[in-house]
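Residue numbers (this note's numbering), protein chains in the order written: chain A, 83 to 309; chain B, 41 to 154. A virtual CB, placed ideally from N, CA and C, is assigned to each residue, including glycine. These numbers come from a predicted model, not from an experiment. Each remark here refers to the structure printed beneath this line.
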């Protein structure tokens with residue numbers, strides 16, 4: 083028998099609702115302050131840090147840049163980025179969690195003094211599942227896929243390809259050594275997301291990085307002009 | 041590990057509702073979990089039972105999970121089918137032009153409180 087004074091409160095709210103709300107408020111706040119936040123997602127070892135280092139070196143004369151590196155533990159990425167590029171970077175530890183949510187992102191922004199910056203990269207935890215579920219509050223979401231991972235990755239982890247604006251296909255210099263079809267890969271991304279821009283690069287050799295720089299300059303321009 | 045993150049957000053929101061409604065405690069939480077939401081139910085329950093120990097109103101809260109079947113719609117032949125059995129490709133006409141109608145959400149349905 084149920085207890086007499088038990089009553090039911092109807093909630094009907096998504097488990098992600100509080101994070102989604104926090105994320106959109108954060109996005110709006112940063113927009114008003116003119117800070118462009120970029121969320122970079124990928125599996126471990128796809129070359130997120132190397133890609134960021136190359137990109138930052140090509141953009142740092144134009145914008146004041148900051149980097150927030152999220153990892154379950156260690157500060158190796160933050161040290162590396164800061165050492166090679168000279169831009170401000172901090173390490174966010176997620177205390178065992180496999181993703182960042184909007185609250186953790188905002189804590190990180192406060193720690194890096196974001197108001198002095200134009201462009202902030204958030205290097206999310208290397209993982210293709212959870213970062214896609216939790217909106218971090220960024221203006222641009224990027225997924226990096228590297229050639230050795232295979233051209234069928236978008237079929238296995240659909241959500242992360244659905245949720246991004248840009249897919250960077252990295253390690254193009256290793257193409258001769260792997261069974262990887264760029265056309266097939268693009269087709270698989272398109273199946274998940276018709277609107278995503280796809281840019282193949284090699285963060286190691288620099289191939290394709292001019293296109294990436296153009297994409298960023300254009301995106302930031304649009305962000306600043308957009309009311 | 042992603043179950044834990046979702047559990048934290050579920051508990052946080054349920055606690056807010058409990059607080060706003062001035063309840064003594066939450067006895068049961070009913071959650072609708074889509075079949076293709078990517079949640080492992082056993083793992084989710086374990087995380088939930090661990091995480092409520094740190095809560096204010098949910099120390100003894102039971103978790104009831106209602107699984108919502110994944111259903112996909114085919115734009116080509118206008119049929120619907122079970123997502124888990126057939127995936128993205130329509131079993132009736134072989135088309136890839138399909139989209140998920142229901143089954144990817146995680147919804148806090150209601151709370152039983154005293």
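Annotation: Cβ neighbours of residue 44 of chain B in chain A (cutoff 9 Å, chain order): 178, 179 and 180. Residue environment: residue 288 of chain A is assigned as exposed (fewer than 16 neighbouring CB atoms within 10 Å of its CB, all protein chains considered). If one requires a minimum length of 4 residues, the alpha helix (DSSP H) runs lying completely within the segment 215-247 of chain A are 235-238 and 240-244, in chain order.
Closest by C-alpha distance to residue 194 of chain A, out of A:212, A:285, A:200 and A:171, is A:171. Residue state for residue 299 of chain A is assigned as helix, using DSSP reduced to three classes. Looking from the CA of residue 215 of chain A, the closest CA among A:99, A:88, A:87 and A:89 belongs to A:99. Cβ contact annotation for residue 84 of chain B (same chain, cutoff 6 Å, sequence separation greater than five): 43, in chain order.
For residue 60 of chain B, the enclosing alpha helix (DSSP H) covers residues 42-60.
In terms of Cα proximity to residue 192 of chain A, the closest of A:306, A:222, A:236 and A:173 is A:173. For residue 104 of chain B, the enclosing beta strand (DSSP E) starts and ends at 102-108. In this structure residue 204 of chain A is in contact with residue 220 of chain A, their Cβ atoms being roughly 6 Å apart against a cut-off of 8 Å.
Contact of residue 148 of chain B with chain A by beta-carbon distance below 8 Å involves 93, 94, 95, 96 and 97. If you check the CB distance, residue 75 of chain B and residue 46 of chain B do not come in under 8 Å.
Relative to the Cα of residue 202 of chain A, the nearest Cα in the group A:224, A:181 and A:243 belongs to A:224. Taking a cut-off of 8 Å on C-beta distances, the segment 116-129 of chain A does not touch the segment 94-104 of chain B, as fewer than three cross pairs fall below it. Annotation note: the segment 165-196 of chain A contains the following uninterrupted alpha helix (DSSP H) runs of length 4 or greater, listed N- to C-terminal: 184-193. The Cβ-Cβ distance between residue 89 of chain A and residue 147 of chain B does not fall below 8 Å.
Spatial neighbours of residue 105 of chain A in its own chain (CB-CB distance under 7 Å, excluding positions within 5 residues in sequence) are listed in chain order as 184, 217, 218 and 219.
Of all residues in the segment 50-70 of chain B, only 50, 52, 53, 57, 61 and 67 come within less than 7 Å of chain A when Cβ atoms are compared, listed by chain position.
Contact note: residue 90 of chain A reaches chain B through 150, 151, 152 and 153, using a C-beta cutoff of 8 Å and chain order. For residue 153 of chain A, no alpha helix (DSSP H) encloses it; the enclosing beta strand (DSSP E) starts and ends at 147-153. Sequence-distant partners of residue 242 of chain A (beyond 5 residues in either direction) whose C-beta falls short of 8 Å from its own C-beta, in its chain, are 123, 210, 211, 213, 214 and 225.
The contact set of residue 136 of chain B on chain A, defined by CB atoms closer than 8 Å, consists of 273 in chain order. One thing to note: residue 146 of chain A has its Cβ within 8 Å of the Cβ of residue 200 of chain A. Between the beta-carbon of residue 142 of chain B and that of residue 91 of chain A there is about 24 Å, and that puts the pair past the 8 Å contact cut. Approximately 11 Å separates the beta-carbon atoms of residue 280 of chain A and residue 294 of chain A; this is outside 8 Å, ruling out the contact. In the structure shown, residue 291 of chain A adopts helical secondary structure according to DSSP, grouped into three states.
Residue-level contact check: residue 121 of chain A does not touch chain B, since none of the beta carbons of chain B fall below 8 Å from its beta carbon. Close CB contacts of residue 229 of chain A within its chain, under the 8 Å cut and outside five residues either way in sequence, are with 251, 252, 253, 254, 256, 257, 260 and 262 (chain order). In terms of beta-carbon proximity, residue 87 of chain A lines the interface with chain B, with at least one pair separated by less than 8 Å.
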